[in-house]
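Residue numbers (this note's numbering), protein chains in the order written: chain V, -7 to 382; chain Y, 91 to 379; chain L, 3 to 345.
Input: a single structure, listed below in C-alpha cells.
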Amino acid sequence: MSIRSQILLAASAVAAVLAVAPAQAEDAVKIGLILPMTGGQASTGKQIDNAIKLYMQQHGDTVAGKKIEIILKDDGALPDKTKTAAQELIVNDKVNFIAGFGVTPAALAAAPLATQGKIPEVVMAAGTSIITERSPYIVRTSFTLAQSSTIIGDWAAKNGIKKVATLTSDYAPGNDALTFFKQNFTAGGGEIVEEVKVPLANPDFAPFLQRMKDAKPDAVFVFVPAGQGGNFMKQYAERGLDKAGIKVIGPGDVMDDDLLNGMGDAALGTVTAHLYSAAHPSAMNKEFVAAYKKAFNSRPGFMAVSGYDGIHLIYEALKKTGGKTDGDELIAAMKGMKWESPRGPISIDPETRDIVQNIYIRKVEKVDGELYNVEFATFEAVKDSGKTKK
Amino acid sequence: MTTLFTILFDGVAYGMLLFVLACGLAVTLGLMNFVNLAHGAFAMTGGYVCAVLVNNSGWPFFAGLPLAFVSSALIGVVLERALYRHLYTRSHLDQVLFSVGLVFMSVAAVDYIMGSSRIFIKLPAALEGQFDFFGVGIGRYRLMIIVICGLLTVALQLVLARTRFGSRLRAAVDDPRAASGLGINVPQVFAFTFAFGCGLAGLGGALSAEVLGLDPYFPLKFMIYFLIVVTVGGSSSITGPFLASLLLGIGDVAGKYYVPKMGPFVIYTIMIVILIWRPNGLFGRTATR
Amino acid sequence: MTALPDLSSHALASARWRPAEIVFWVLALACAFLFPSRYLIMTDIVRLALFALSLDLILGYAGIVSLGHAAFFGVGAYSAGLMALHGVINEPVIALVAAGLVATVLGFLTSFLVIRGVDLTRLMVTLGIALLLEALAERYSDITGGTDGLQGIEMQPILGHFAFDMFGKTGFFYSLIVLFVLFLLARRVVHSPFGLSLRAIRNNPLRAAAIGVPVNRRLIAVYTLAAFYAGISGALFTQTTALASLDVFSFERSADLMLVLVIGGTGYLYGGLIGAVVFKMLQEFFSTITPQYWQFWIGLVLVVIVLVGRARIHRWALWLPNLVIRQFAGRKAVVAIPESDAS
C-alpha cells in the first residue's frame, strides 16, 4: 500500500472532521450531556435523554431569555471517553453545564475539568457518595446508595428479618450499598450470614443464588446495576428461593420500573427502599408518567426522574441568575434549592450539593394487571449518610 | 452432596446452551475455515424474534422456538448468498473486519428497533420453578434446555455421520475441488450448512434469553465464549465443541459456586492450559491448515 | 552468487526515507498548530497509533495474530498509574519507560505460550491472557481500584518543566514525541537483518527455519518488543488522562485495535498510524451525528471496506487528488496495490 495514497486519504479525513467548527450561537445556554448511549449501560443513558427531551417539550427551550441547547455525547460508560468528551465540550463547544454521567468513574473523571473550567457538573445517575466531594462544582440530582441502603437496613432489622445473605455487584456503588446496609442492619441486631460479590459483567446468577439458598437466610439483600435486576429475579424464582421463604430486599435499583413488568410474578412481594416509584401517588407524578409513556412508549424509571430533575435544576438556576452563566453564581443558585419533583419533595443540600429526598419503602404489587412498586412507608428528607457520618 | 449434583446439573444445562449457540460457529470456523465473529448476531436475532412473537403476538413459547430457528436460518442463507460467500477465499483479517462490522450493525439496529433494555420471554407456567429429585433441586427450564439440546446433539451427530448430506459436507470441507469434481454442489452444501448453523444459534438465542438475558449487546458479550468453545473443542467433529461446552459450563458454574471470587480465572486458565497442551483443541486435526 | 549484495541494496533502498514519509510527519506536527482546540482527541489518536504500531510489529512483520494485545496496554497503564499514585517514580518519562519495561517482562514470559500453535490458537491464547489479567485486576481491587479504576492520579510535570494542562497540549506533544521516537526505532528494527528475517518467518516459517533463521527466538524477541511498545502506549494513556480502569484490558480494546490495523493495512509501519487516524475520525464523525447509533455506521463502513476491497477504495478516494498531482507534477500518480496481509 503506498504511503502517499494513505496519507492523502488520512489528511482529507482529518481536515474534514477536525475542521468542523461548532456553530456559535450568541444568546444560547449550552448543556453538554454526556451519557452512555451505547454499551451495557445504554438504557440509563436513554432514560435520561428521554426525560430531558420531555422536560424541554413541556417547559419550552428558552429560560430567562436564553435558548437552551443540548449537545449529547456518548461515552459508552468509559471514563476516558467521558473525559475527552467533557474537555471537548468545555473547550470547543463552550458549554455552560456538563451533565449526565451514567457511572461513578465517569462522573469522577470529569470532576477536575469542572473545577478547572468552573463549570457546574450536574450528576444525573452515578450514585457513589464520594462524587460530590471531588469538585465544588458538582451537584447531584440522582441519589446515593447510602440513602436507600441505610433505610432498608433499619427497616429490615425492625421488621423481623434476622439473617440476611447479601449479593452485590463488585464495584463502588455495590460496595457502598453493602457497607451502609451492613452498618445499619447489624446495628439493629441483624446478622449477615453470607456475603457474595459478583463481577459487574455477569451473565448467569445461578451459582451465586445457589449459595444464597444454601445459607438459608430470612432475606437476600441485593444490589445489581439497573438492568441486571430482571435476570436476578428470574433466576431467584427459578431456583425456588421464593418458595423457600427467602425474601428479596435491597435498594430499589433491582426493581427499576423500567424493567419491573418483564420480571413476572416472581417479583411480587419484594421490599425495596428507593427514591422513586412510577406508582408514587401524586398528581404531578401521574402526569409525568402519562406524558413519558405517551412520548416514549415505556414506563419511566428512577434514572428518568433524575434526568428530569436535573434539567429542572438547571432551568431554575438560570432563572435565579437571570440567565447569567457564571459557574460560581449558578452553583450558589442551585444550593438549597427546593422543589416538588415527580418523586416527591426534594432539595439540594447547601453544604454537600448532594440531593436530599424522601426514601420510600415499597412492595411490589399488582395494580391493574401490571407490576408496580407500591409505597407504604416514607422516610422524609434523607441526606446522604455517606457524608453526614464524617 | 445434593448441592454438588445441583451444581453439576446447572453446569450441564449452561454447557448445553453454549453448545447450541456455538456449534454453528464450530462448523463455519472449524470446517469451512471462515472467521465469523457475527455468529452471536444470529443468536440474538432468533431470541428477539421469539420474544416478539411470544410477548407481543401472544404465540405459545414452544411455537416461538421453531420460528426463532427458521428466521435466523433464513437471514443466514440470505447473507451467505449475498455477502459471505464472496469472502471464503479472503484473508482471515478481512473476515474479522467484515464480521465485526456486521456485529456493530446488528447491535445498533436492534437497539434502534427494540430498545436497549434487557427483555425476557414470557414462559408457560409449567417451565417455571424447580422440583426436587431425591433432594437435588432440578430447574424445570434448565431440564428442558438439556432435553432439547441433547436431542439436537444426537441428531446432529447422526446427520453428519450417517446421512448422505453428512458425507457430502465432510467431503466438501476436506477438499472442495475434489468434491465438486465428484458432482457435489459445494456452494449449496456450504450455504445449507451455514444456514443451519445460524438457525441453531437462533434457537439457542431464544432459549438463552431466560438464563443469560437478552439485550442488543448479546453478540459482543458472548463472542468470547463461543470462540472458547470452538478453539478448545477443536474442529474434527462436533464431539469436541460439545465436550468443550460442557467443560466450560460446569467449570463456570462450579467455579462461581465454590470460589466466587476466582470465578473467571477458572475458565480462562482451563482454556489456556488446554490450548498450550493441545494447540489444535481437544479433538483437533493434527494437520495445520 | 550475487544474491547477497542484491539483498542488502534492496534493504537499503527500502530503508531510505521517502518524501511521503516526511510529509506525513510534517502533517502530524502541523495538526498540532492547525487544530489547537482538539488536543485531547488528537492525543487519543496518537496513543492508538502507537498501540497499533505495536500490533503491526507482530502481525505485519511476524504474522502473529493477537486478540489480547490489550494485556500489555493494560499492564503499562496500571504500572504507570500505580507509580504515579504511590510516588514510586514521579518523573513521567522515567515512569513511562519503567512501565514499558514491566510490560516487556510480561511479553517475554507470555511469548513462550504464544509461539506455539496456529492462528486460531494464538488468537485465543492471547485473548485468554488479557482476560485473565482483567480478572486479576478485578479480583485485587484493593490494589487496582477494581471496576472504579485508580482514582486520584496526579501527574508531575514532564522533566520537571512541562506540566500536564487541562487542554491536553503538553500531553499531545509528549505523546507525539514518544510516538516519533518509537517509530524511528521500529523503522530501524524492521529494516535491519532482524526485521528481514521476521518477514521470512511470516511468509513461510518452515522455509525460514531451513535457511537457518532461529524461528522461535526471533518470534519471542519481536513479541517482547511489541509488548514494550504496547506497554508504553498504555502508560501514555494513564499519564495523559490520569485514569486507569479495568477497561484497559478489555476485549473491545484489542478488537478495535485489530480493526484499526486492518483498515490501515499491515506490514508497512504506517498502517497502524493511518488506521488510527481514519478509525478515530470515523468514530468522532458518526458519534457526533448520532450518539446512539454510530456503531451501525461504523459497522457499515467496515463491511463496505471489505466487500469493495481496500485497494479499490483507495483508487476511488484518490481519483481527484491523483488527477491534481498528474496535472501539476506532470508525472504518473501512483496508487500501489496493498501488500498481502498476513493471515
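Idealized CB from N, CA, C, for every residue including glycine.
No experiment lies behind these values; they were computed from the predicted model shown.
CB of residue i within 8 Å of CB of residue j, strictly
i, j, result
"residue 347 of chain V", "residue 120 of chain V", "no"
"residue 343 of chain Y", "residue 309 of chain V", "no"
"residue 99 of chain V", "residue 123 of chain V", "yes"
"residue 297 of chain L", "residue 144 of chain Y", "no"
"residue 249 of chain V", "residue 217 of chain V", "no"
"residue 219 of chain V", "residue 298 of chain Y", "no"
"residue 170 of chain L", "residue 202 of chain V", "no"
"residue 188 of chain Y", "residue 305 of chain L", "yes"
"residue 207 of chain V", "residue 270 of chain V", "no"
"residue 131 of chain V", "residue 323 of chain V", "yes"
"residue 159 of chain V", "residue 255 of chain V", "no"
"residue 115 of chain Y", "residue 126 of chain Y", "yes"
"residue 316 of chain Y", "residue 101 of chain Y", "no"
"residue 97 of chain L", "residue 79 of chain L", "no"
"residue 243 of chain L", "residue 65 of chain V", "no"
"residue 138 of chain V", "residue 172 of chain V", "yes"
"residue 239 of chain V", "residue 211 of chain V", "yes"
For residue i, the three-state DSSP class (helix, strand or coil)
i, result
"residue 362 of chain Y", "helix"
"residue 373 of chain Y", "coil"
"residue 235 of chain V", "coil"
"residue 176 of chain V", "helix"
"residue 217 of chain Y", "helix"
"residue 121 of chain Y", "helix"
"residue 303 of chain V", "helix"
"residue 127 of chain Y", "coil"
"residue 19 of chain L", "coil"
"residue 59 of chain V", "strand"
"residue 130 of chain V", "strand"
Contact with chain L by residue i, beta-carbon distance below 8 Å
i, result
"residue 377 of chain Y", "Confidence is the limiting factor: at residue 377 of chain Y the pLDDT is only 41, short of 50, which leaves the residue's position unreliable and the question unanswerable from this model."
"residue 321 of chain Y", "yes"
"residue 193 of chain Y", "yes"
"residue 198 of chain V", "no"
Bounding residues of the alpha helix (DSSP H) (the contiguous stretch that carries residue i)
i, result
"residue 104 of chain Y", "92 to 115"
"residue 97 of chain V", "96 to 109"
"residue 171 of chain Y", "151 to 172"
"residue 51 of chain L", "41 to 64"
"residue 235 of chain L", "217 to 243"
"residue 227 of chain Y", "Careful: residue 227 of chain Y lies outside any alpha helix (DSSP H), inside the beta strand (DSSP E) at 226 to 229."
Contact with chain V by residue i, beta-carbon distance below 8 Å
i, result
"residue 170 of chain L", "yes"
"residue 247 of chain L", "yes"
"residue 1 of chain L", "Past the boundaries of the shown model lies residue 1 of chain L; chain L is included only from 3 to 345, so the question cannot be answered."
"residue 137 of chain Y", "no"
"residue 371 of chain Y", "no"
Any C-beta of chain Y under 8 Å from that of residue i
i, result
"residue 157 of chain V", "no"
"residue 369 of chain V", "no"
"residue 308 of chain L", "yes"
"residue 141 of chain L", "yes"
"residue 137 of chain L", "yes"
Start-to-end residues for the beta strand (DSSP E) that takes in residue i
i, result
"residue 144 of chain Y", "No beta strand (DSSP E) holds residue 144 of chain Y; DSSP gives it neither H nor E."
"residue 383 of chain V", "A query on residue 383 of chain V cannot be resolved here, the shown segment of chain V reaching from -7 to 382 and no further."
"residue 295 of chain L", "Note, residue 295 of chain L: premise wrong, no beta strand (DSSP E); not H, not E."
Distance cut-off 7 Å: residue i Cβ against heavy atoms of the ligand COA
i, result
"residue 123 of chain Y", "No copy of the ligand COA appears in this structure; indeed no ligand is present at all."
Where the stretch 342 to 359 of chain Y meets chain L: residues whose CB sits under 9 Å from a CB there: 351, 352, 353, 354, 355, 357, 358 and 359
Cβ-based contacts, 7 Å cut-off: residues of the stretch 245 to 260 of chain V near chain Y: Residues of the stretch 245 to 260 of chain V with a C-beta atom less than 7 Å from some C-beta of chain Y are 250, 251 and 254, listed in chain order.
Near-chain Y residues of the stretch 218 to 235 of chain L - C-beta to any C-beta below 8 Å: none
Chain-ordered residues of the stretch 198 to 212 of chain Y with a beta carbon less than 8 Å from chain C: Here chain C cannot be found, since the structure's protein chains are V, Y and L.
Contact residues within the stretch 93 to 109 of chain V, judged by C-beta distance below 9 Å to chain L: 95, 96, 97, 100, 101, 104, 105, 108 and 109
Chain Y contacts from the stretch 109 to 131 of chain L (Cβ-Cβ distance under 8 Å): 115, 118, 119, 120, 121, 122, 123, 125, 126, 127, 129, 130 and 131
Residues in the stretch 247 to 264 of chain L having any Cβ partner in chain Y nearer than 8 Å: If you check each beta-carbon in the stretch 247 to 264 of chain L against every beta-carbon of chain Y, the ones closer than 8 Å belong to 253, 254, 257, 260, 261 and 264.
Within 8 Å of chain L by C-beta, residues of the stretch 211 to 242 of chain Y in sequence order: none
Interface residues of the stretch 310 to 322 of chain V facing chain L [CB-CB below 7 Å]: none
Short-range partners of chain L found in the stretch 60 to 91 of chain V, where Cβ spacing is below 7 Å: 64, 65, 66, 70, 71, 72, 75, 76, 79, 80, 83 and 84
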